[in-house]
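According to the working numbering, the sequence shown is numbered sequentially starting from -2. Everything on this sheet refers to the single structure shown next.
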Amino acid sequence: MLFWAVSFVLRSREKVKDFFRGLCYLKKRIKLSTNWWTTMNLFFQLQILLSGIIAGWIIFQTAFVAPTVFTKLEDAEKALVLRAIFPKLFKALAVAGLLHLGLGLLAQTTVSSAAFKMFPLIVGAYTFLSSFLCNAIVPATNAARDRNDTKRFAQLHRVSVLLTMLTLLLHLGWMFVTNASV
C-alpha cells in the first residue's frame, strides 16, 4: 500500500525504489554511528525543520496567497490561479508528510519513549493521507463550483480546509511538544 501511495506521488517506480533504497542506506549508516544522542537529535531537528516548512506552506497559502487572489484578480482569473496552486500544495504536503513519516521510521532505533516513537509516525501518516485526500477531492470541488452547486462545493471545501488546518495544528503541536521534551 505504501509503495503504491509513494508511486502515485513520485509517478515512477524507479524513483520510489531509489527513495526506499536511500532510506535503508541512511538507516544502516546511522546504526553504525556510536553517538546515539547526536543521531536522535538529528532526527528531531530534521522533523522539526520539516514541520516548520509544512506549517509555513499552509500559513503562507492561507494568509497571503488566497487573500491576494481574492482581492486582486477577476473571477475567471481567480479560478485559474487557485486551480493551479492548490493541487501543487497538496502534492507537496503529501511528499513532506511521507518524508516526515520516513524520518519517524528511521528514528525508531534511537528513541526509547513510546510516545516519541508513535507521535512522529502519526503526524507524518496523517499529513500524507489528508493531503492525498485533499488532492483527490479537488476535481469534485472544481466540478461542484462549475455547476454552481454551492452546497456540495461548501461541503468539499470545508473538508479540505478542516484537514489542512488539522495538519497545521499537528505540526505546530509536534514542534512544541518536541522542544519541551528533548
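Even for Gly, the Cβ is constructed at its ideal location relative to N, Cα and C.
Using a Cβ-Cβ distance cut-off of 8 Å, the segment 118 to 136 and the segment 152 to 172 are in contact, since at least three pairs of beta carbons, one from each stretch, lie closer than that value. In the DSSP annotation of this structure, the continuous segment of the alpha helix (DSSP H) that includes Val78 starts and ends at 72 to 103.
The DSSP assignment places 111 to 143 as complete runs of the alpha helix (DSSP H) inside the segment 108 to 149, in order along the chain (cut-off: 4 residues). In this structure, the CA atom of Leu96 is about 20 Å from the CA atom of Phe57. It is roughly 48 Å from the alpha-carbon of Ala104 to the alpha-carbon of Asn145. Judged by DSSP secondary structure, Ala63 falls within the alpha helix (DSSP H) whose first and last residues are 63 to 69. By the Cβ-count criterion, Phe40 is buried, with 16 or more other Cβ atoms from all chains shown falling within 10 Å of its own Cβ. Around the beta-carbon of Ile51, 16 or more other beta-carbon atoms lie within 10 Å, marking it buried. Across the structure, Asn139 and Ala122 are spaced so that their CA atoms are roughly 26 Å apart.
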